[in-house]
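Q: Handing you a structure now.
There are 2 protein chains.
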Amino acid sequence: MSDNPTAAVLIIGDEILSGRTQDTNTSYIARMLGSQGIDLKEVRIVGDKEAEVVAALNALRFRYTYVFTTGGIGPTHDDITADAVAKAFGVGIDYHPDVLAMLGARYKPGEFNEMRKRMARIPLGAELVRNTASVAPGIHIGNVYVMAGVPAIMRAMMEDILPGLRRGQVVHSATVEACVAEGRVAEALMKIQQDFAELALGSYPYYREDGFGVQLVARGRDAQKVEEAAQAIEKMLRAEGVHPIRLKS
Amino acid sequence: MSDNPTAAVLIIGDEILSGRTQDTNTSYIARMLGSQGIDLKEVRIVGDKEAEVVAALNALRFRYTYVFTTGGIGPTHDDITADAVAKAFGVGIDYHPDVLAMLGARYKPGEFNEMRKRMARIPLGAELVRNTASVAPGIHIGNVYVMAGVPAIMRAMMEDILPGLRRGQVVHSATVEACVAEGRVAEALMKIQQDFAELALGSYPYYREDGFGVQLVARGRDAQKVEEAAQAIEKMLRAEGVHPIRLKS
């Protein structure tokens with residue numbers, strides 16, 4: 053399990069920190085990484101400030117197998133990610149001839165202005181992340197993947213990135229829902245956690261229009277153990293007089 | 053502006069990192085802090101691991117005026133936040149008599165079990181954060197506010213917290229939307245940014261069913277300057293032959 057690849061996500065953008073935009077990239081990347089058996093360990097969100105991006109990137113890239121960033125690679129003045137990545141790696145940055153050619157072919161004569169050319173500025177030594185949703189590429193340098201912030205483009209970039217990542221053992225999960233206060237079954241759940249020390253059992257209360265309850269989730273790399281734990285949870289709930297509902301998870 | 057209070061958010065929970073749950077607490081807290089003129093500068097998401105929470109908390113609490121955490125204060129074994137906070141501050145933790153009394157009054161005889169009593173364990177020297185949505189309180193220690201992860205409870209806790217925070221000068225914003233590629237107006241936008249150096253101008257492209265375009269946002273503490281920048285953006289768009297739409301923001 054210690055051999056499993058790990059990852060961090062770095063979301064770059066004032067619009068997330070101001071509450072203007074709801075980030076949805078994190079959960080998408082998390083699920084994509086999960087499908088490859090890569091553990092997302094940490095997420096950071098910072099603003100459009102070069103020093104903040106450089107510091108976060110250097111803190112994360114030495115600690116985890118992979119770092120995925122989103123945001124700040126467009127043509128406008130507030131798009132500072134490529135420069136920050138170059139600075140974090142201590143390398144130069146310059147117009148990449150392939151990207152200049154790709155972008156040049158995309159725009160009509162006279163439309164390929166200086167600001168749009170900014171999207172061709174790639175840190176030296178980096179590779180390109182192609183995508184089917186836009187022409188401007190992402191960036192792959194060292195263990196860092198730099199993606200767009202627009203969800204549709206980010207997702208298309210993840211498609212290009214995923215096959216090249218080292219895979220780990222996938223984490224399986226099983227979810228049992230019940231109309232019961234989590235505090236009533238907390239002790240019994242803890243005992244099941246002790247019986248299945250290699251799994252992580254989580255308890256997630258919910259409050260909905262139709263009442264309250266809890267989702268009990270077993271997660272781990274041994275699918276059979278996860279299933280056994282889910283069955284132990286179901287048995288425990290029945291013993292408490294509560295009807296368990298197995299959810300797809 | 054440098055005197056303005058700053059803040060970080062620390063989201064605690066495996067369920068966010070696995071992609072199982074979409075975090076919405078960050079954007080809510082961001083907007084609440086914004087209403088008080090407090091700048092959210094950084095967000096971190098870590099799993100239910102004490103060492104991770106302690107490290108993140110200590111990194112953030114010395115750097116920002118306030119830190120707000122969500123998650124991990126319930127009755128189950130995976131609720132480790134109170135212990136992590138005590139450890140980060142180097143203080144003990146014990147059952148708080150007021151919280152024991154509050155919780156004891158909430159449950160029927162025999163229902164107030166040992167696991168539920170865990171919710172009364174409060175770091176020594178901390179104050180309680182009350183809320184109208186549940187009995188178990190949040191925690192206020194030093195410059196750190198510890199809240200529930202369930203959004204409805206977190207929001208009720210923020211209501212208790214907000215009046216006690218130091219206020220700053222509120223950031224105003226104006227948003228102008230236009231059906232134009234951001235690259236076409238990027239240079240003109242950069243010039244407006246140079247004219248309004250005390251503001252932050254952001255460019256946020258969108259891709260919707262009805263077409264693509266961009267939202268140009270001016271943000272800053274001087275409402276008049278923000279309005280002037282928005283008008284400069286509108287004028288610039290018209291000069292480019294594009295119809296500007298002022299959004300409520």
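Residue numbers (the working numbering), protein chains in the order written: chain A, 53 to 301; chain P, 53 to 301.
Where is the CB? At the ideal position from N, CA and C, for every residue including glycine.
(1) Could you give the DSSP three-state label for P/R260: helix, strand or coil?
(2) Counting only runs that start and end within the stretch 197-230 of chain A, where is the beta strand (DSSP E) found for 3 or more residues in a row?
(3) Could you tell me the alpha carbon to alpha carbon distance between P/N183 and P/A153, rounded to whole angstroms?
(4) Please classify P/E234 as buried or exposed, where buried requires at least 16 neighbouring CB atoms within 10 angstroms.
(5) In chain order, which continuous runs of the alpha helix (DSSP H) of length 4 or greater are located wholly inside the stretch 261-296 of chain A?
(6) With DSSP collapsed to three states, give me the class of P/S79.
(7) Shorter than 8 Å from the beta carbon of P/P127 to some beta carbon of chain A?
(8) Inspect the CB distances between the stretch 262-274 of chain P and the stretch 226-244 of chain P and report whether three or more fall short of 8 Å.
(9) Strictly below 7 Å CB to CB, what residues from chain P border A/L92?
(10) Please look up how many angstroms separate the CB atoms of A/D100 and A/G124, rounded, as I've assumed it's under 8 Å.
(11) Compare the C-beta of P/M209 with all C-beta atoms of chain A and state if any pair is closer than 8 Å.
(12) Given a limit of 8 Å on CB to CB distance, which residues of the stretch 174-200 of chain P reach chain A?
(13) Which residues in chain P have a C-beta closer than 9 Å to the C-beta of A/L299? List them in chain order.
(14) Which of the three DSSP states, helix, strand or coil, is assigned to P/L152?
(15) Which stretch, first to last residue, makes up the alpha helix (DSSP H) that contains A/L69?
(16) Please report the residue range of the beta strand (DSSP E) in which A/R173 lies.
(17) Assign P/F114 to buried or exposed, taking buried as 16 or more other Cβ atoms, counted over all protein chains shown, within 10 Å of its Cβ.
(18) Count Cβ pairs between the stretch 280-294 of chain A and the stretch 59-76 of chain P that sit closer than 8 Å; are there 3 or more?
(19) Check for me: the alpha helix (DSSP H) holding A/G235 runs from which residue to which?
(20) What first and last residue would you give for the alpha helix (DSSP H) that runs through P/R168?
(21) Can you pull the chain A residues whose beta carbon is under 9 Å from the beta carbon of P/G276, in chain order?
(22) In terms of residues, what are the limits of the beta strand (DSSP E) holding A/R113?
(23) When you compare each of P/K243, P/V137 and P/V202 to P/Y80 by their alpha carbons, which one comes out closest?
(24) Given this structure, state the Cα-to-Cα distance separating A/G177 from A/I193, to the nearest angstrom.
(25) Helix, strand or coil for P/S255, going by three-state DSSP, please let me know.
(26) For P/R304, return the contacting residues in chain A, with the cut-off set at a CB-CB distance below 8 Å.
(27) Note down the Cα distance separating A/T76 from P/Q74, rounded to an integer number of angstroms.
(28) Does DSSP put P/V143 in a helix, in a strand, or in coil?
(29) With a cut-off of 8 Å, does the C-beta of A/V98 fall near any C-beta of chain P?
(30) Between P/D262, P/V237 and P/G156, which has its C-alpha nearest P/A291's C-alpha?
(31) What do you get for A/H375, buried or exposed, if any count of 16 or more other CB atoms within 10 angstroms of its CB means buried?
(32) Determine the contact status of P/A140 and P/L92, defining contact as a CB-CB distance below 8 Å.
(33) Which residues mark the beginning and the end of the beta strand (DSSP E) in which P/I191 is found?
(34) When the distance is taken between beta carbons, is A/V137 closer than 8 Å to A/P175?
(35) Residues in the stretch 202-228 of chain A with C-beta within 7 Å of chain P's C-beta atoms, listed in sequence order?
(36) A/A252 CB to nearest chain P CB: under 8 Å?
A: Inspection of the coordinates gives the following:
(1) Reduced to three states, the DSSP call for P/R260 is strand.
(2) Counting only runs of at least 3 residues, the stretch 197-230 of chain A fully encloses the following beta strand (DSSP E) elements, listed from N- to C-terminal order: 224-230.
(3) Taking the straight line joining both Cα atoms gives about 16 Å.
(4) Around the beta-carbon of P/E234, 16 or more other beta-carbon atoms lie within 10 Å, marking it buried.
(5) Those alpha helix (DSSP H) runs which fall completely within the stretch 261-296 of chain A and span 4+ residues are 275-291.
(6) Correct three-state label for P/S79: helix.
(7) Taking 8 Å as the CB threshold, P/P127 lines the interface with chain A.
(8) The stretch 262-274 of chain P vs the stretch 226-244 of chain P: in contact.
(9) Under the 7 Å cutoff, chain P gives L69.
(10) Contact flag correct, Cβ pair sits at about 6 Å.
(11) With 8 Å as the cut-off, P/M209 does not count as an interface residue toward chain A.
(12) Shown here is that no member of the stretch 174-200 of chain P has a Cβ falling below 8 Å from a Cβ of chain A.
(13) Going along chain P, no residue has its Cβ under 9 Å from A/L299, so there is no contact; the nearest lies around 11 Å.
(14) Correct three-state label for P/L152: helix.
(15) In the DSSP assignment, A/L69 falls within the unbroken alpha helix (DSSP H) covering D66 to L69.
(16) That run of the beta strand (DSSP E) goes R173 to P175.
(17) P/F114 is exposed by the Cβ-count criterion.
(18) The stretch 280-294 of chain A, when compared against the stretch 59-76 of chain P, does not touch it at the 8 Å Cβ threshold.
(19) First-last of the alpha helix (DSSP H) with A/G235: E234 to D247.
(20) Where P/R168 is concerned, the enclosing alpha helix (DSSP H) stretches over E166 to K169.
(21) Inspection of the sequence shows that residue 276 of chain P is occupied by Gln rather than by Gly. Within chain A, no C-beta atom comes nearer than 9 Å to that of P/Q276; the closest sits roughly 20 Å away.
(22) That residue, A/R113, is in no beta strand (DSSP E); its alpha helix (DSSP H) goes E102 to R113.
(23) The residue from P/K243, P/V137 and P/V202 with its alpha-carbon nearest to that of P/Y80 is P/V202.
(24) A/G177 and A/I193: Cα-Cα distance of roughly 7 Å.
(25) It is a strand residue.
(26) Nothing in the structure corresponds to residue 304 of chain P, since chain P is present only between 53 and 301.
(27) Annotation: A/T76 to P/Q74 spans about 7 Å, alpha carbon to alpha carbon.
(28) Residue state, collapsed to three classes: coil.
(29) The Cβ of A/V98 sits closer than 8 Å to at least one Cβ of chain P.
(30) The alpha carbon of P/A291 has as its nearest neighbour, out of P/D262, P/V237 and P/G156, the alpha carbon of P/V237.
(31) Any property of residue 375 of chain A remains undetermined from this structure, which presents chain A solely from 53 to 301.
(32) Their beta carbons are not under 8 Å apart, which means P/A140 does not touch P/L92 by this criterion.
(33) Counting along the chain, the unbroken beta strand (DSSP E) around P/I191 starts and ends at G190 to I193.
(34) Yes, the Cβ-Cβ distance between A/P175 and A/V137 is below 8 Å.
(35) Of all residues in the stretch 202-228 of chain A, those with a C-beta nearer than 7 Å to a C-beta of chain P are V202 and A204, reading in chain order.
(36) The beta carbon of A/A252 sits closer than 8 Å to some beta carbon of chain P.
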